[in-house]
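Chemist: Numbering of the sequence shown is given in the working numbering, commencing with residue 7 and proceeding in unit increments. Here a beta-carbon is modelled for each residue, glycine too, at the ideal position from N, C-alpha and C. Keep in mind that this is a model prediction, so the values were computed, not measured.
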Amino acid sequence: MYNQGELLLKAMTYDHPEEIPVSFGMLPAAWMKYGEDLVKLAKDYPDIITNIPDLNNIPVPDSYHVGSFTDEWGCRWENVEEGMESIVTGHPVPNREDILTLKIPENRDGRIPHGFMYLRLLDLRGFEEAMIDFAEECDELQILIDKVVEYNCRQIEAILPKAGKIVFFGDDLGMQKGLAIGPEKWRKYMKPAFTKLYSLVKATGRYVYMHTDGMIYEIMPDLQECGVDMINPQFRANGLDNLVRVCKGKIPINLDLDRQLFPFATPSQLDDHVREAVEAMYLPEGGFGLNIEIGMDVPLDNVAALLEAVRKYRGYKG
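What follows is the structure in structure tokens.
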């Protein structure tokens, strides 16, 4: 059994991994829903699922609990489904003038949550107000970006002394059909921010892995220029043809297989889906991995089909 972390690093650096690295994750809500049936299935695939929780004590991140909380920036989060992620319903900077007096949180705990940069702007301002800021290119927009960058720099500096070889980041930059702010404004406002943050990691000789949902293939070369060594893009939002054209042999990706397909496909369709992705993206030198996330909406038969498919195709040699 190969070490998946080592395989991922080899794929990231085109160092001829022995097989395609596989990341297979289950949301807490899936463990809660299926319980012992899912545990029994997981035990049949110890080479893929390496961490089976105690069902009496399933690890649930704070933001995955039912209820509400306010984060260090003053954003109010709410959740109605235990084991699923919360959403921001209260935005602490509703008016542009509030940006000028917004205080940067003092904590230095090294937490870099999903949505740490671009989505943080939307959480602070609210989606519509943030889109107007980008459309009008107001001075306050850059002030807000700078404050979030400063905070993130402090957090990255706090985590680096204990970080491994790969530092993982997540921020959803795209929507289903493209970038909400468009690629040009993303390059103008967000590319410098990510470049500054990732340069702190690169200066230590570490690698940057970035998860980002939505259609982002237009800016994937830009993310690489920012310092990202491997991107975790979505299959459906970007399209396999675009990912092959933009990334194959050029930008390493850990492909997020089609979570929108998982609940509805037949097992044979899921096998076809995994095979199609592998045949299209595989190179013997690497640059490619498979990532699967299972939610509570995926039938157990389909979970089993996905496990069997990645076990079958991870050894693909073309």
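1) Can the beta-carbon of A141 be found less than 8 Å from the beta-carbon of G180?
2) At a cut of 8 Å, does the segment 171-190 reach the segment 122-141 through at least three beta carbon pairs?
3) Considering only their Cβ atoms, is the gap separating N248 from Y215 smaller than 8 Å?
4) Considering only the beta carbon of each residue, do M302 and L33 sit closer than 8 Å?
5) Do the segment 274-286 and the segment 302-316 make contact, defined as three or more Cβ pairs closer than 8 Å?
6) Compute the distance between the beta-carbons of Y20 and E291, then report whether it is under 8 Å.
7) Which partner residues does R82 have in the DSSP bridge list?
8) Would you identify the three-state DSSP class for L125, choosing helix, strand or coil?
9) Mind reading off the beta-carbon distance from R212 to A169? Whole number of angstroms is fine, and I expect it under 8 Å.
10) Assign D21 to one of three DSSP states: helix, strand, or coil.
11) Once you ignore the five residues that flank K16 on each side, which residues in its own chain have a CB closer than 7 Å to its CB?
12) So, for L47: in the same chain, excluding its five sequence neighbours on each side, which residues have a beta-carbon less than 7 Å away from its beta-carbon?
13) Between the segment 66-73 and the segment 94-102, do at least 3 Cβ pairs fall closer than 8 Å?
14) From the DSSP output, which residues share a beta bridge with Q240?
15) Do V252 and M226 come within 8 Å of each other at the CB atom, strictly closer than that value?
16) Give me the Cβ distance between A35 and E87, rounded to the nearest whole Å; I'm assuming they're in contact under 8 Å.
17) Using the three-state DSSP reduction, which class does G184 fall into: helix, strand or coil?
18) Is the separation between the beta-carbon of D228 and that of F241 shorter than 8 Å?
19) Can you say whether F294 is buried or exposed, counting buried as having 16 or more other CB atoms within 10 angstroms of its CB?
20) How many angstroms separate the CA atom of G233 from the CA atom of R117?
21) Would you please state the rounded distance, in angstroms, between the beta carbons of N238 and L14? I believe it to be under 8 Å.
22) I'd like to know whether the C-beta atoms of V173 and V207 end up nearer to each other than 8 Å.
23) Give the DSSP-derived three-state secondary structure of I300 in the structure shown.
24) Check F270 in the structure and name its three-state DSSP category.
25) Hey, quick one: how far does the beta strand (DSSP E) through L28 stretch, first residue to last?
Modeler: Reading from the atomic positions:
1) The residue you call residue 141 lines up with position 135 of the sequence shown. The residue you call residue 180 lines up with position 174 of the sequence shown. No, the pair does not count as a contact, with Cβ atoms beyond the cut-off.
2) yes
3) Numbered from its first residue, the sequence shown carries residue 215 at position 209. Numbered from its first residue, the sequence shown carries residue 248 at position 242. Result no, Cβ atoms of Y215 and N248 do not sit closer than 8 Å.
4) To locate residue 302, count along the sequence shown from 1; it is residue 296. To locate residue 33, count along the sequence shown from 1; it is residue 27. Going by C-beta atoms, M302 is nearer than 8 Å to L33.
5) yes
6) Your numbering for residue 20 matches position 14 in the sequence shown. Your numbering for residue 291 matches position 285 in the sequence shown. Going by C-beta atoms, Y20 is nearer than 8 Å to E291.
7) Residue mapping note: residue 82 aligns to position 76 of the sequence shown, counting from 1. Looking at the DSSP assignment, R82 forms a beta bridge with T76 and G96.
8) Position 119 of the sequence shown, counted from the start, is the residue given in the question as residue 125. The answer is helix: DSSP assigns L125 an H, G or I state.
9) The residue labelled residue 212 in the question sits at position 206 within the sequence shown. The residue labelled residue 169 in the question sits at position 163 within the sequence shown. Going by Cβ atoms, the distance from R212 to A169 rounds to 6 Å, so yes, they are a contact pair.
10) Within the sequence shown, residue 21 is the residue found at index 15, counting from 1. Reduced to three states, the DSSP call for D21 is coil.
11) For the purposes of this step, residue 16 is taken as residue 10 along the sequence shown, with counting starting at 1. Only H22, P23 and G292 meet the Cβ criterion.
12) Here the question's residue 47 lines up with position 41 in the sequence shown. So the qualifying residues of the chain are L306, V309 and A310.
13) no
14) As a first step, residue 240 must be located in the sequence shown, where it is residue number 234. Answer is D262, bridged to Q240.
15) Sequence index remark: in the sequence shown, residue 226 carries index 220 (1-based). Sequence index remark: in the sequence shown, residue 252 carries index 246 (1-based). Result yes, Cβ atoms of M226 and V252 sit closer than 8 Å.
16) In the sequence shown, the residue the question calls residue 35 occupies position 29. In the sequence shown, the residue the question calls residue 87 occupies position 81. About 7 Å; that satisfies the 8 Å criterion.
17) Taking the first residue of the sequence shown as 1, we reach residue 184 at position 178. It is a strand residue.
18) Taking the first residue of the sequence shown as position 1, residue 228 is located at position 222. Taking the first residue of the sequence shown as position 1, residue 241 is located at position 235. No, these two residues do not count as a Cβ contact at 8 Å.
19) What you label residue 294 is simply residue 288 of the sequence shown in a count that begins at 1. Answer is buried; the Cβ neighbour count reaches 16.
20) Locating residue 233 in the sequence shown gives position 227, where the first residue counts as 1. Locating residue 117 in the sequence shown gives position 111, where the first residue counts as 1. Between G233 and R117, the C-alpha separation is close to 20 Å.
21) Your numbering for residue 238 matches position 232 in the sequence shown. Your numbering for residue 14 matches position 8 in the sequence shown. The pair is not a contact, with the Cβ atoms about 11 Å apart (cut-off 8 Å).
22) The residue labelled residue 173 in the question sits at position 167 within the sequence shown. The residue labelled residue 207 in the question sits at position 201 within the sequence shown. Their beta carbons are under 8 Å apart, which means V173 touches V207 by this criterion.
23) Counting from one through the sequence shown, the residue named residue 300 turns up at place 294. DSSP places I300 in strand when its eight states are reduced to three.
24) Here residue 270 is taken as the residue at index 264 of the sequence shown, counted from 1. Coil at F270, not helix or strand.
25) Within the sequence shown, numbered from 1, the residue matching residue 28 stands at position 22. One point to set straight first is that residue 28 is Val, not Leu, in the sequence displayed. Start and end: V28 to M32.
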